[in-house]
Amino acid sequence: MSSRLNVAVIGAGYWGPNLARNFRASSEWNLAAICDLDLERARRVADSVGGVPITASLDEVLHDPMVDAVAIATPARTHHPIVLAALDAGKHVIVEKPLADTRERGVEMVERARENGLVLMADHTYCYTPAVLKIRELIEEGALGDILFVDSVRINLGLIQPDVDVFWDLAPHDLSIMDFILPGGLDVTSVSAHGSDPLSTGKACIGYLAMPLTSGGIAHVHVNWLSPTKIRQMVIGGTKRTLVWDDLNPQQRVSVYDRGVDLALQSKETADTRAANISYRLGDTWAPALPEREALANVASEFAAAIREERPARTSGESGLRVLSVLEAASASLGAYGAPSSVASYIKEVQEA
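Those letters in the sequence shown? Residues 125 to 477, by our numbering.
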């Protein structure tokens with residue numbers, strides 16, 4: 125398969141124009157169509173990328189033998205029927221986060237893609253930013269050592285969503301990044317979720333997730349629609365080094381600190397083991413150079429590579445399912461006033477799927 129692949133973008137709302145622009149600019153794709161129930165909105169997107177066919181008919185797109193794949197940028201509640209229809213029509217699929225609005229529907233989508241031998245990719249865009257790709261590389265090569273903790277903050281004075289709470293709106297970004305960079309993926313044993321609704325909207329507007337990792341570390345996520353300041357930061361602590369990713373600092377997005385606590389092994393005969401077992405390490409700080417490339421350009425390239433190489437995408441449907449599993453466990457914990465909700469059964473099902 126050496127020629128360009130043909131893709132249609134389904135949904136011309138918030139995210140669809142970004143997908144259309146990057147597929148149009150890619151040397152690996154032809155943008156075949158923009159599909160949206162609002163033809164005028166579809167026309168505006170088509171005109172913005174130099175003109176492509178538009179349609180309001182999903183069936184027309186799915187029955188076009190020239191279309192190899194579809195990129196779905198519609199509300200999460202619509203993902204399940206559209207994805208299944210596309211897979212049954214023999215189209216490869218990339219779908220905006222979250223993969224689906226329930227884990228059960230997500231499982232059906234992943235199984236259908238596997239049965240049909242097609243690529244189902246989750247558009248976890250942050251995973252394809254130069255910063256996150258570098259973080260994954262550093263963790264893989266052991267630069268941080270064993271991971272002890274991940275602390276992520278994603279807060280701003282943002283749009284209160286009408287159909288989902290702050291966990292389902294913002295946390296998929298952080299959870300998908302953790303699944304991408306951590307050895308073994310998002311392998312958590314349980315989730316404790318605490319949320320607050322100070323505006324009486326009927327849904328959590330401020331939320332905290334705590335997740336023990338099976339490796340022995342812990343992950344924490346803070347999401348908030350009501351903060352007057354915008355913060356996008358993740359701190360990853362390891363036995364060797366600590367990494368800080370500040371997505372709002374273009375001059376130095378990633379910093380690596382050779383600082384931490386060393387737990388020295390000591391004989392039980394030592395007189396005062398409480399004071400002698402701990403030492404503090406203060407070393408250098410450095411910032412790795414990052415290439416400049418739009419994340420969605422990397423997404424488009426990865427989608428094409430997965431199709432051509434007949435392999436799962438780096439952010440596969442299974443990755444999307446792991447994120448859904450944690451979100452559903454978080455909802456269960458929130459309903460139980462913060463009591464831990466087990467994710468083990470969900471993760472086991474994903475791994476066996």
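The beta-carbon is built from N, C-alpha and C at its ideal position, and this holds for glycine as well.
Predicted model only: the values in this text are computed from it and were never measured.
Buried versus exposed, by CB contacts within 10 Å (16 or more), residue i
| i | result |
| --- | --- |
| W153 | buried |
| W410 | exposed |
| P322 | exposed |
| Y250 | buried |
| R405 | exposed |
| A413 | exposed |
| D160 | buried |
| K354 | exposed |
| Y252 | buried |
| P141 | buried |
| M190 | exposed |
| P296 | buried |
| A479 | Residue 479 lies beyond the stretch modelled for the chain, which goes from 125 to 477, so this question has no answer here. |
| S403 | exposed |
| G441 | buried |
For residue j and residue i, the rounded distance between their alpha carbons
| i | j | result |
| --- | --- | --- |
| L389 | A429 | For L389, the predicted structure reports a pLDDT of 47, less than 50, and the residue's modelled location is therefore unreliable. The matter cannot be settled from this model. |
| A343 | G137 | 33 Å |
| G135 | V207 | 13 Å |
| A132 | G340 | 43 Å |
| G459 | H318 | 9 Å |
| N146 | A267 | 33 Å |
| L367 | L182 | 45 Å |
| R128 | K364 | 44 Å |
| D371 | T313 | 28 Å |
| S320 | I305 | 29 Å |
| T338 | P307 | 11 Å |
| A419 | A463 | 37 Å |
| H346 | L333 | 7 Å |
| I158 | I218 | 15 Å |
| L272 | M233 | 34 Å |
| V467 | Q285 | 26 Å |
| A453 | E184 | 38 Å |
| Y381 | V359 | 11 Å |
| S449 | S455 | 10 Å |
| S172 | T179 | 16 Å |
| P415 | T325 | 42 Å |
| Q375 | Y461 | 41 Å |
| S379 | N348 | 24 Å |
| V447 | P205 | 20 Å |
| Q357 | E265 | 22 Å |
| A213 | D303 | 30 Å |
| R165 | R148 | 18 Å |
| R260 | L445 | 20 Å |
| K215 | D188 | 10 Å |
| L451 | N373 | 28 Å |
| R167 | W139 | 15 Å |
For residue j and residue i, believed in contact at Cβ under 8 Å, the rounded distance
| i | j | result |
| --- | --- | --- |
| S443 | A246 | 6 Å |
| G362 | D270 | 6 Å |
| E220 | A197 | 5 Å |
| L186 | A170 | Contact flag wrong, Cβ pair sits at about 19 Å. |
| V315 | S465 | 5 Å |
| L350 | L281 | 7 Å |
| L310 | L294 | That belief does not hold up - the Cβ atoms of L310 and L294 are roughly 16 Å apart, past 8 Å. |
| E426 | R417 | Incorrect: roughly 12 Å between the Cβ atoms, too far for contact. |
| A421 | S150 | 7 Å |
| A237 | L262 | Actually they are not in contact, since the Cβ atoms of A237 and L262 sit about 31 Å apart, beyond 8 Å. |
| V176 | L155 | 5 Å |
Sheet register partners of residue i (DSSP bridge)
| i | result |
| --- | --- |
| H216 | A193 |
| L155 | V131 |
| V450 | Answer is none; V450 lacks a bridge partner. |
| I342 | F273, P336 |
| Q357 | V277, D370 |
| S320 | I330 |
| M245 | I218, S440 |
| I178 | I158 |
| W139 | Per DSSP, none; premise fails for W139. |
| S314 | S466 |
| G308 | Answer is none; G308 lacks a bridge partner. |
| S379 | V368 |
| G362 | I271 |
| W410 | V380 |
| V347 | R278, G331 |
query: Taking three-plus beta-carbon pairs below 8 Å as touching, is the stretch 423 to 443 in contact with the stretch 234 to 245?
result: Yes, the stretch 423 to 443 is in contact with the stretch 234 to 245.
**Prompt:** Counting Cβ pairs closer than 8 Å, one from the stretch 215 to 235 and one from the stretch 190 to 202, do we hit at least three?
**Reply:** yes
Worksheet entry | Cβ contact (3+ pairs, closer than 8 Å) linking the stretch 290 to 302 and the stretch 321 to 331 | yes
Quiz item: Is there contact between the stretch 253 to 261 and the stretch 273 to 280, where contact requires at least three CB pairs shorter than 8 Å?
Solution: no
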